[in-house]
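These notes are about the structure you will find just below.
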Amino acid sequence: MGRLVPAVTRALDILELFLDGDGTLSAPDIVRKLQLPRTTVHELVTTLAARSYIVPVPGQPGRYRLGVRPYQLGSRYAEQLDLAAEGQQVARSVAETCDETVHVAILEGTDVIYIAKVDSTHAVRMVSAAGRRLPAHCTSVGKMLLASLPEPELTSRIPDDAELVAMTPNSITDPALLREALAEIREHGIAVESRESNPDVSCVAAPVRDRTGRVVAALSISVPMIRWSEERRVELEQLAAKGAVELSERLGHRSAA
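Taken in order, the sequence shown gives residues 1 to 257; the numbers are from the UniProt record's numbering.
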């Protein structure tokens, strides 16, 4: 593996800062967040702006937001990622069947990133968006994806002494308890999350596989607690599993006969 180039790493660190907050930053913000010299930040910001990776915010002197170039790169990536396009189509079909919010998500580190979403038509529904990132251990899609990892990889991502954040009082924060939950998910092939990421929502999720059989994503159905019941859970588990199988087949996976 080649050597990492410090200047490129710092430039990418700056770009990734725009993923948080309101999406705007000043040079002093960057200096404070990354603990870099002011001169270095000034040179990097000037270079990124010259290449249209960041642009000044109108009416806010000294502040920047992402420019058109990251959007162009992201669009090209999305064009090549069949999972996102196919996931959106399958999510739409599942949502039309159950009239609940459907997500497709992938795992990145210890977080999940939602790459597709279709809303319920109900007045009471989830407020979320494609592109959102959440701690994997707090979500049904995340637990499904974590449960699919080989044990060594799971341990490297979430060691026994990991500090797991809580999004609600129901979130699992003990790695040992999380491992117990993941073992149960492996046994049943479905993940259920009850008010662990949102105090008013429960979710079910099923694994999505690529042509090699590897789990590459998870499909979930999210339901406000006012429409949640054990009977509804069983119904949605079956529907999520069916949707995940359809998406897997679109990705080239052949289900066992």
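Beta carbons are placed, not taken as given, at the ideal position from N, Cα and C, and that holds for glycine. None of the values given here were measured: they were computed from a predicted structure.
- Under DSSP, K117 shares a beta bridge with H103.
- In its chain, beyond the 5 residues on either side, A206, E237 have a beta carbon closer than 6 Å to the beta carbon of I190.
- Going by DSSP, T24 is part of the beta strand (DSSP E) stretching over 24 to 26.
- DSSP assignment within the UniProt domain "HTH iclR-type" (5 to 68) yields the following whole alpha helix (DSSP H) runs of 4 residues or more, N-terminal first: 6 to 17, 27 to 34, 38 to 50.
- According to DSSP, residue pairing for A95 in a beta bridge does not occur.
- With contacts defined by Cβ atoms closer than 8 Å, I115 and V104 form a contacting pair.
- In its chain, beyond the 5 residues on either side, R69 have a beta carbon closer than 7 Å to the beta carbon of R51.
- For A147, the enclosing alpha helix (DSSP H) stretches over residues 140 to 147.
- Beyond the five residues adjoining it in sequence on each side, S194 comes within less than 6 Å, by CB distance, of S202 in the same chain, given in chain order.
- Of the candidates V165, P175, T168, P175 places its Cα closest to the Cα of P159.
- Judged by beta-carbon spacing, E196 lies beyond the 8 Å limit of M225, meaning their Cβ atoms are not closer than that value.
- Contact between S93 and G62 does not hold, since the beta-carbon distance rounds to 47 Å and is not under 8 Å.
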